[in-house]
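Enquirer: Residue numbers for the sequence shown follow our numbering, beginning at 168 and rising by one.
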Amino acid sequence: MKKLLDTIPFSVLDLATVIEGKTPADTFTTSLDLAQHVEKWGYNRYWLAEHHNMISVASSATAVVIGHIAAGTKTIRVGSGGIMLPNHSPLIIAEQFGTLASLFPDRIDLGLGRAPGTDQVTAMAIRGERFNAANSFPQDVLKLQAYFSTDNSKSSVRAIPGEGLDIPIWILGSSTDSAHLAAALGLPYAFASHFAPAQFGTAINIYRQNFKPSAQLKAPYVLACVNVVAADTDAEANRLVTSLYQLFMGIVTGKRRLLQPPVDNMDEIWDVYEEEQANQMLACTFVGSKDTIKQDLQRFLDQTGVDEIMATSHIFDHSARLHSYQLLAEVFKD
168 MKKLLDTIPF SVLDLATVIE GKTPADTFTT SLDLAQHVEK WGYNRYWLAE HHNMISVASS
228 ATAVVIGHIA AGTKTIRVGS GGIMLPNHSP LIIAEQFGTL ASLFPDRIDL GLGRAPGTDQ
288 VTAMAIRGER FNAANSFPQD VLKLQAYFST DNSKSSVRAI PGEGLDIPIW ILGSSTDSAH
348 LAAALGLPYA FASHFAPAQF GTAINIYRQN FKPSAQLKAP YVLACVNVVA ADTDAEANRL
408 VTSLYQLFMG IVTGKRRLLQ PPVDNMDEIW DVYEEEQANQ MLACTFVGSK DTIKQDLQRF
468 LDQTGVDEIM ATSHIFDHSA RLHSYQLLAE VFKD
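#1: Output yes or no for whether 9 Å exceeds the beta carbon distance between threonine 459 and valine 393.
#2: For valine 473 and threonine 343, I'd like the C-alpha separation in whole angstroms.
#3: Nearest by alpha-carbon distance to aspartate 318: which of Phe195, Phe367, Leu332 is it?
#4: Name the DSSP beta bridge partners of arginine 466, please?
#5: Among Ser456, Ser322, Gly249, Thr409, which one has its Cα closest to the Cα of threonine 400?
#6: Between leucine 180 and alanine 230, which are expected to be in contact by the criterion C-beta below 8 Å, what is the C-beta distance as a whole number of angstroms?
#7: In the stretch 422-478, which residue ranges form an unbroken beta strand (DSSP E) of at least 3 residues, counting only runs that do not cross its ends?
#8: Should serine 360 go down as buried or exposed, given a rule of 16 or more other Cβ atoms within 10 Å for buried?
#9: Quick one, which of Leu384, Leu390, Gly417, Ser269 has its alpha-carbon nearest methionine 477's?
#10: Find out if the Cβ-Cβ distance for the pair asparagine 377, alanine 351 is shorter than 9 Å.
#11: Count the other C-beta atoms from every protein chain shown that fall within 10 angstroms of the C-beta of tyrosine 356, then say buried if there are 16 or more, exposed otherwise.
#12: Hey, how far is the Cα of serine 269 from the Cα of tyrosine 440?
#13: Along the chain, where does the alpha helix (DSSP H) containing methionine 221 start, and where does it finish?
#14: Can you tell me the Cα-Cα spacing of isoleucine 482 and tyrosine 492, whole angstroms?
#15: Who are methionine 251's beta bridge partners in DSSP?
#16: What's the gap between the Cα of aspartate 469 and the Cα of aspartate 276?
#17: Quick check on the burial criterion: 16 or more other C-beta atoms within 10 angstroms. Buried or exposed for proline 272?
#18: Need the endpoints of the alpha helix (DSSP H) that aspartate 401 sits in, please.
#19: Would you check if the distance between the CB atom of leucine 258 and the CB atom of valine 308 is smaller than 9 Å?
#20: Can you tell me which residues form a DSSP beta bridge with arginine 325?
#21: Which of the three DSSP states is assigned to asparagine 377 in this structure?
#22: Can you tell me the Cα-Cα spacing of serine 125 and leucine 199, whole angstroms?
#23: Does the beta-carbon of alanine 202 have 16 or more other beta-carbons within 10 angstroms, so that it is buried, or is it exposed?
#24: Return helix, strand or coil for tyrosine 210, following the three-state DSSP convention.
#25: The alpha helix (DSSP H) that contains isoleucine 259, what's its start and end?
#26: Should asparagine 124 go down as buried or exposed, given a rule of 16 or more other Cβ atoms within 10 Å for buried?
#27: Can you tell me which of the three DSSP states leucine 311 falls into?
#28: Return the residue from the list Leu495, Arg488, Val498 that minimises the CA-CA distance to isoleucine 186.
#29: Check each candidate in Ala183, Glu330, Arg274, Ile233 and name the one with the smallest Cα separation from methionine 221.
#30: Does DSSP classify alanine 228 as helix, strand or coil?
#31: If I'm right that phenylalanine 534 touches valine 232 with Cβ under 8 Å, what's the distance once you round it to whole angstroms?
#32: Where does the unbroken alpha helix (DSSP H) through tyrosine 492 begin, and where does it stop?
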């Protein structure tokens with residue numbers, strides 16, 4: 168049976184982007200303002216991601232920022248997309264998210280990834296002797312589940328708060344590895360198609376075909392994160408999205424900068440190689456007016472059958488970003 172956009176939840180991934188001329192403190196202010204607006208517009212979740220040593224991303228202390236957003240909103244679910252679990256001991260994450268879930272009952276999501284969320288040198292600074300902790304990611308997820316369980320009350324090591332709390336765990340992925348784990352544990356699966364679309368189709372097929380029901384989830388549940396830049400006209404959206412293009416050009420070249428203002432002509436900025444590499448990473452990007460976005464997102468839904476769409480929007484001007492999310496909400500509601 169065909170799914171329609173108005174039948175599935177829609178959510179926000181906020182990468183806590185620092186824009187040119189502003190500071191992380193400004194980012195936290197605009198993020199809360201965005202969260203308060205999207206809550207009113209009917210969005211389901213508001214997730215933040217753990218990154219380190221990136222001048223354009225302010226959410227390195229992810230749990231702290233989640234608390235900031237949850238404290239300033241009332242109903243929207245707030246969580247991590249994700250916490251890079253190998254950077255932490257499972258006990259610390261159980262305590263942090265147990266604290267968040269105690270402060271904001273039934274509103275906290277815990278998405279888990281195995282990547283470092285940074286470069287290798289910074290990963291070494293974070294992990295130290297645990298540098299190869301990604302190899303124990305499946306075991307660490309199980310430890311985390313154990314800390315949240317009531318059965319752990321007899322253990323010599325307990326997560327207080329955290330124990331006995333119902334905190335939904337998600338597995339995040341940008342390749343097929345995580346699909347197998349999410350399926351085996353019967354957990355919902357969120358895919359980073361906003362920057363790593365190459366294995367998206369293969370990964371969600373693996374997940375669905377191998378899914379084993381669990382206490383948390385009876386059937387497979389796929390969330391796809393995509394880039395969305397919406398405006399009143401296609402022309403305006405195509406101009407606004409050049410900020411995103413410049414950001415990914417920085418990833419391709421290794422010359423990262425704060426989010427730059429839009430430009431009239433990207434051909435004056437990037438070369439053919441940079442454009443090609445950026446566009447490969449941005450294959451799941453939806454740009455245009457409300458009508459254009461609706462048509463393209465419905466086609467994406469027809470092709471993938473995902474259960475939820477999460478949008479991230481690198482837009483330089485805050486009011487334009489708000490308007491983009493408002494238009495997107497109308498796409499899902501109309």
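For each residue, glycine too, the CB sits at the ideal point set by N, CA and C.
Expert: Let's see:
#1: The count along the sequence shown starts at 1 and reaches residue 459 at position 292. The count along the sequence shown starts at 1 and reaches residue 393 at position 226. Taking 9 Å as the Cβ cut-off, threonine 459 and valine 393 do not qualify as a contacting pair.
#2: One-based indexing of the sequence shown puts residue 473 at position 306. One-based indexing of the sequence shown puts residue 343 at position 176. Roughly 16 Å between the two C-alpha positions.
#3: As a working mapping, residue 318 is identified with position 151 in the sequence shown. The option with the nearest alpha carbon to aspartate 318 is Leu332.
#4: As a working mapping, residue 466 is identified with position 299 in the sequence shown. DSSP lists no partner for arginine 466.
#5: Residue numbering aside, residue 400 sits at position 233 when the sequence shown is read from its first letter. Among Ser456, Ser322, Gly249, Thr409, the Cα nearest to that of threonine 400 belongs to Ser456.
#6: As a working note, residue 180 is residue 13 in the sequence shown. As a working note, residue 230 is residue 63 in the sequence shown. Wrong, their Cβ atoms sit about 16 Å apart, outside the cutoff.
#7: 452-455
#8: Within the sequence shown, residue 360 is the residue found at index 193, counting from 1. Buried, by the Cβ-count rule.
#9: The sequence position of residue 477 within the sequence shown is 310, counting from 1. With distances taken between Cα atoms, methionine 477 lies closest to Leu390.
#10: Working through the sequence shown from its first residue, we reach residue 377 at position 210. Working through the sequence shown from its first residue, we reach residue 351 at position 184. Closer than 9 Å, so yes.
#11: The residue given as residue 356 occupies position 189 in the sequence shown. Classification of tyrosine 356: buried, given that the 10 Å Cβ count is 16 or more.
#12: Here residue 269 is taken as the residue at index 102 of the sequence shown, counted from 1. Here residue 440 is taken as the residue at index 273 of the sequence shown, counted from 1. Distance between the alpha carbons of serine 269 and tyrosine 440: 49 Å.
#13: As a first step, residue 221 is located in the sequence shown; it is residue number 54 there, counting from the start. No alpha helix (DSSP H) holds methionine 221; DSSP gives it neither H nor E.
#14: Here residue 482 refers to the residue found at position 315 of the sequence shown. Here residue 492 refers to the residue found at position 325 of the sequence shown. Cα-Cα distance, rounded: 11 Å.
#15: Within the sequence shown, the letter at position 84 stands for residue 251. Paired residues: Gly280.
#16: The sequence position of residue 469 within the sequence shown is 302, counting from 1. The sequence position of residue 276 within the sequence shown is 109, counting from 1. The straight-line gap from Cα to Cα measures roughly 27 Å.
#17: Counting from 1 along the sequence shown, the entry for residue 272 is found at position 105. Under this definition proline 272 is an exposed residue.
#18: As a position in the sequence shown, residue 401 is number 234, starting the count at 1. It spans 401-407 - the alpha helix (DSSP H) in which aspartate 401 sits, taken as one unbroken run.
#19: The residue given as residue 258 occupies position 91 in the sequence shown. The residue given as residue 308 occupies position 141 in the sequence shown. Going by C-beta atoms, leucine 258 is not nearer than 9 Å to valine 308.
#20: Here the question's residue 325 lines up with position 158 in the sequence shown. Answer by DSSP bridge pairing: none, since arginine 325 is not bridged.
#21: Looking up residue 377 in the sequence shown gives position 210. It is helical.
#22: Outside the displayed range of the chain (168 to 501) lies residue 125, so it cannot be described from this structure.
#23: Residue 202 sits at position 35 when you count from the first residue of the sequence shown. Buried, since its Cβ has 16 or more Cβ neighbours within 10 Å.
#24: As a first step, residue 210 is located in the sequence shown; it is residue number 43 there, counting from the start. It is coil, neither helix nor strand.
#25: Here residue 259 refers to the residue found at position 92 when the sequence shown is read from its first residue. Counting along the chain, the alpha helix (DSSP H) containing isoleucine 259 begins and ends at 257-270.
#26: One cannot answer for residue 124 here, as it falls past the ends of the chain, which runs 168 to 501.
#27: To locate residue 311, count along the sequence shown from 1; it is residue 144. Three-state DSSP puts leucine 311 in a helix.
#28: Here residue 186 corresponds to residue number 19 of the sequence shown, with the count starting at 1. Closest by alpha carbon: Arg488.
#29: Taking the sequence shown and counting its residues from 1, the one referred to as residue 221 is at position 54. Among Ala183, Glu330, Arg274, Ile233, the Cα nearest to that of methionine 221 belongs to Ala183.
#30: Locating residue 228 in the sequence shown gives position 61, counting from the first residue. Alanine 228 falls in the coil class under three-state DSSP.
#31: The displayed coordinates of the chain run from 168 to 501. Any statement about residue 534 would go beyond what the structure contains.
#32: Reading the sequence shown from its first residue, position 325 is the one you call residue 492. It spans 485-500 - the alpha helix (DSSP H) in which tyrosine 492 sits, taken as one unbroken run.
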